[in-house]
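First up is the structure itself, then whatever we jot down about it.
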Amino acid sequence: MISDAIPWRDELLKVADRLEQKSSQKRWTARSSFIVERDVMTSAYAIRRLLEGGRISRTASSQQVPVIMHAATGTRPDMYNRHEIDELYDLETGVKTQLDLRKYCNQLIHSLAFSINGDETSGLFDGVFAASEKECLERLYFFPIQSMIDVCRRIGSEEIWGSNVRWDRSGARYLISLTREEVEAERLHRPFVYSPR
């Protein structure tokens with residue numbers, strides 16, 4: 017359980033700013049690649065941590081993240097060839113799709129294949145390719161930089177006004193966080209909403 021979500025949210029806003037800066041950076045170094053990979057992984061972990069701790073509102077946790085899916089070519093990715101994504105996946109043909117927040121995070125955190133990409137025309141950083149160990153035999157996802165920035169900013173700037181306890185089908189309790197609008201809607205139906213602070 018996360019006792020204080022604010023530092024995690026603050027970090028997401030910092031990551032969004034850094035990724036935005038990197039998207040217009042012309043001179044690229046090994047350090048630049050490290051910073052991008054670190055920020056992508058940190059943001060995915062922070063979002064998943066907030067999600068699992070019930071610190072993201074219902075509205076935000078149900079959002080879909082736009083990505084592009086590329087089918088595998090049939091060559092099995094492993095620790096030696098996983099960087100050869102142009103041979104492992106059909107990068108010429110991509111299908112626009114969306115991932116729920118948990119799957120978005122898991123593809124990045126558990127990525128076997130991971131590559132930072134630059135736009136062919138401008139050469140500027142425009143996103144990352146990633147596929148989790150679980151899905152890498154079938155597909156690779158391209159995560160546009162703007163999708164990642166938008167997710168970080170949306171969750172990082174979210175203002176939680178209250179929370180509520182729910183029970184799943186097995187009877188286990190879990191926490192949901194609520195925005196101001198969600199608190200007002202809950203008050204109409206569930207008068208026991210309380211403030212987390």
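The sequence shown begins at 17 in our numbering and counts up by one. Ideal Cβ positions, reconstructed from N, Cα and C, are used throughout, including at glycine.
Residue i versus the options, residue with shortest Cα-Cα distance
i      : options                           : result
GLU251 : LEU35, ILE63, ARG25 and VAL181    : In this structure the chain extends from 17 to 213, so residue 251 is not present and cannot be described.
GLN162 : SER39, ASP26, SER19 and PRO23     : SER39
ALA46  : MET95, ILE132, TYR96 and GLU103   : ILE132
ASP106 : ASP94, CYS121, ASP116 and ALA88   : ALA88
ASP116 : ILE22, GLU200 and VAL167          : VAL167
ARG196 : GLU175, ALA188, GLU136 and ARG182 : GLU175
ILE101 : SER73, THR137 and ARG155          : ARG155
LEU29  : SER48, VAL181, SER49 and ALA60    : ALA60
CB of residue i within 8 angstroms of CB of residue j, strictly
i      : j      : result
ASP31  : ASP55  : Note that residue 31 is Val in the sequence shown here, rather than Asp. It is a contact, given that the beta carbons lie within the stated cut-off.
SER193 : ARG71  : yes
GLU198 : THR58  : no
TYR157 : ILE84  : yes
ALA146 : GLN114 : no
LEU153 : ARG92  : yes
Bounding residues of the beta strand (DSSP E) (the contiguous stretch that carries residue i)
i      : result
ALA87  : 80 to 87
ALA146 : 141 to 148
LEU156 : 155 to 160
Cβ neighbours of residue i in the same chain (closer than 8 angstroms, five flanking residues each side left out)
i      : result
ARG118 : ARG64 and LEU67
LEU139 : In the sequence as presented, Leu is not what sits at residue 139; that position holds Gly. Cβ within range, chain order: LYS42.
TRP24  : ILE18, ALA62, ARG65, LEU66 and ARG71
HIS126 : SER148, GLU149 and LYS150
ARG170 : ALA76 and GLN79
Bounding residues of the alpha helix (DSSP H) (the contiguous stretch that carries residue i)
i      : result
ASN122 : 117 to 125
SER49  : 46 to 68
ALA21  : That residue, ALA21, is in no alpha helix (DSSP H); it is neither H nor E in DSSP.
ARG74  : 74 to 77
ILE176 : No alpha helix (DSSP H) holds ILE176; DSSP gives it neither H nor E.
Neighbour-count burial assignment, residue i, 16 or more Cβ in a 10 Å radius
i      : result
VAL111 : exposed
TYR96  : exposed
Residues near residue i by beta carbon distance below 7 angstroms, same chain, minus five either side
i      : result
VAL144 : VAL56, PHE130, SER131, ILE132, ASN133 and PHE159
ILE165 : ALA32, LEU35 and GLU36
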